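S.K.:
Right, here's the structure in full:
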């Protein structure tokens, strides 16, 4: 495993029973895939098409920006990219919270994704704090 600048070796531990460790690049990739799978299962209508466009953009960009952060040359650029990760994660939370308004039966499927965004926001905030 390569060393990342987040000070935790690119690894993030979760607080579940198994104390699994996740590489944050893998975790954000899996999150993006989960967003895509959600969108593939949304009913095809005008409202959902607009929601899908927004959430695919913000949800997929989290991992892309994290990868860019890991390739930066300066601490300032790294922090900038991590701030973008946090911003895109917050935006994704917003769109996830709107989807059940148009699709009330999907609330149960959306809640774990919202929980993941909350965890990712905390992780990015912690990375920023450690790099001050």
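In the working numbering, the protein residues as written are 14 to 145.
Glycine included, each C-beta is placed from N, C-alpha and C at the ideal position.
As the structure is a prediction and not an experimental result, all values here were calculated from the model.
So, is residue 76 buried or exposed, given that buried needs 16 or more other C-beta atoms within 10 angstroms?
M.R.: Counting Cβ neighbours within 10 Å, residue 76 comes out buried, since at least 16 surround it.
S.K.: Between the beta-carbon of residue 95 and the beta-carbon of residue 127, is there less than 8 Å?
M.R.: no
S.K.: Nearest chain D C-beta to residue 47 closer than 8 Å, yes or no?
M.R.: No chain D appears in this structure, which consists of one protein chain only.
S.K.: By Cβ distance below 7 Å, which residues in the same chain neighbour residue 114 in space, the five residues on each side in sequence not counted?
M.R.: none
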